[in-house]
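Per the UniProt record's numbering, the sequence shown starts with residue 1, numbered consecutively. Here a beta-carbon is modelled for each residue, glycine too, at the ideal position from N, C-alpha and C.
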Amino acid sequence: MSNSSDALDAVACAAHGAYAVKDSAVIKHVGIILYDGFSLLAAGMLAEALHVANELQSEGASHSLTYRVNLVSARGGTVSCSSSMSVWTEQLAGRHFDSLDNLFVAGGSGVARASADDGLIDLLRRVSAKSVKITAIGNGHMLLSAAGVGQREWPSMKQDIHPRPTTDILPEYERDQALMTSLALLKRDLGADLAVRVADRLGSGADLSLAGTLEQMYDATLAEKARASARWLVRNCAKPISVVDAARMSSMSERNFLRLFKREIGVTPSKYLLRARLDLTCKLLESSDLPVDKIARRTGLSNGERLSKLFRKEFSMSPTEYRARSRQKR
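Here you go:
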């Protein structure tokens, strides 16, 4: 979101339903409530982030959720942003009101004046009473305070950038706060990996105040990828799988996968897979009378000769000796 024109395009597209994508299993209806003097950059960034999430999902094999974004206001019609550009809004009533899943309250220079709008304040109270998830962007929290919708009454998502106690908010801050708000929603709905991909597309213009948060999100996503691949290796260790297969399951190149896995798990994927296969072998030796050669085939270790070599290297004894010793301890 580099300028007001881009923001206006994003908001206008949302208003006219241009963000619709192919049908998916779940449709989430999202409203962005506007008023005269709202922040165009913040509303545009939020709408664009949800649009990008729709696009990224449509490019993949599965598309689990579609966001439908509507720009709404207390009375509908034309609303002017803080930079005097105008957008068309729908009145938050009827079917839009009943189908709403999330409502975002935009911030902006006009928030103090909007806080004195009885119609808007009453609308926020009625939305809150319906248990719709309401989230303020920037100084939009002033509207919630005016409506008596307190922190404990509305299920806010975790905010990574907290509102400043003033109505004068820099455009860059509004944009970045809207980005982090949208990423929090995407992370909760679709997982950290999708949120990171959206951040990749939109976050390049973010200032240094976002760097730490985005880095944490990347690190958390990569760490979870490594843990998930480790679990996959254990579940499938009896099959003829390889490290290349694990890298493919993680949607990573083999080189990057090897580096990530070693960093997060502490050993190489091949070593981890071998340990999983040897653990399974020990369990079968302890609990069954299967021949060593058959156990080797059942644990992905090819044959009895290879299993015996690996066993002597790791445990300094043969599989048969291990079986005998384990039964002596019973």
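TODO: Grab the span of the beta strand (DSSP E) containing residue 340 for me, first residue to last.
DONE: Because the chain here runs from 1 to 330, residue 340 falls outside it and cannot be looked at.
TODO: Whole angstroms is fine: what's the gap from Ala226's alpha carbon to Leu280's?
DONE: 21 Å
Open item on the list: Quick check on the DSSP output: the alpha helix (DSSP H) that includes Leu290 runs from which residue to which?
Closed with: Where Leu290 is concerned, there is no enclosing alpha helix (DSSP H), because DSSP gives it neither an H nor an E.
TODO: Take every Cβ of the segment 91-109, pair it with every Cβ of the segment 133-141, and state whether three or more of those distances are shorter than 8 Å.
DONE: yes
- [ ] Consult DSSP for Ser109 and reduce its assignment to one of helix, strand or coil.
- [x] coil
Open item on the list: Please state whether the Cβ-Cβ distance between Leu56 and Val198 is less than 8 Å.
Closed with: yes
Open item on the list: Give me the residue from Met45, Leu310, Arg325 with the minimum Cα distance to Leu179.
Closed with: Met45
Open item on the list: Do Leu284 and Thr299 have their beta-carbon atoms positioned less than 8 Å apart in this structure?
Closed with: Yes, the Cβ-Cβ distance between Thr299 and Leu284 is below 8 Å.
Open item on the list: DSSP has Trp88 in a bridge; who is on the other side?
Closed with: Thr78.
Open item on the list: Helix, strand or coil, according to DSSP, for Val234 in the structure here?
Closed with: If DSSP states are grouped into helix, strand and coil, Val234 belongs with the helices.
Task: CB of Gly110 within 8 Å of CB of Asp189, strictly - done: no
TODO: Return helix, strand or coil for Lys329, following the three-state DSSP convention.
DONE: coil
Task: Rounded straight-line distance, which links the Cα of Glu90 to that of Ser80 - done: Cα to Cα, the separation comes out at about 14 Å.
Task: Terminal residues of the beta strand (DSSP E) in which residue 335 lies - done: For the chain, the structure presents residues 1 to 330; residue 335 sits outside this window and is missing.
Task: Cβ pair count under 8 Å reaching 3, the segment 288-308 against the segment 255-271 - done: no
- [ ] Measure the C-alpha to C-alpha separation of Pro240 and Ser316 and round it to an integer number of angstroms.
- [x] Computed Cα separation, rounded: 25 Å.
TODO: Can you have a look at residue 333 and say buried or exposed, based on whether 16 or more other CB atoms are within 10 angstroms of its CB?
DONE: Residue 333 lies beyond the stretch modelled for the chain, which goes from 1 to 330, so this question has no answer here.
Task: Lys313, DSSP secondary structure in three states - done: Assigned with DSSP and collapsed to three states, Lys313 falls in helix.
Open item on the list: Contact defined as beta carbons within less than 8 Å: I believe Thr78 pairs with Ile27. What is the distance between those atoms, to the nearest angstrom?
Closed with: Wrong, their Cβ atoms sit about 27 Å apart, outside the cutoff.
Open item on the list: Please tell me whether Ser253 and Leu50 are closer than 8 Å, where the distance is taken between their beta carbons.
Closed with: no
TODO: Can you have a look at Ala114 and say buried or exposed, based on whether 16 or more other CB atoms are within 10 angstroms of its CB?
DONE: buried
Open item on the list: Output needed for Tyr272: all residues of its chain with C-beta closer than 8 Å, excluding positions within five of it in sequence on either side, in chain order.
Closed with: Ala230, Leu233, Phe261, Ile265
Task: Extent of the continuous alpha helix (DSSP H) to which Ala93 belongs - done: Run containing Ala93: none; DSSP gives neither H nor E here.
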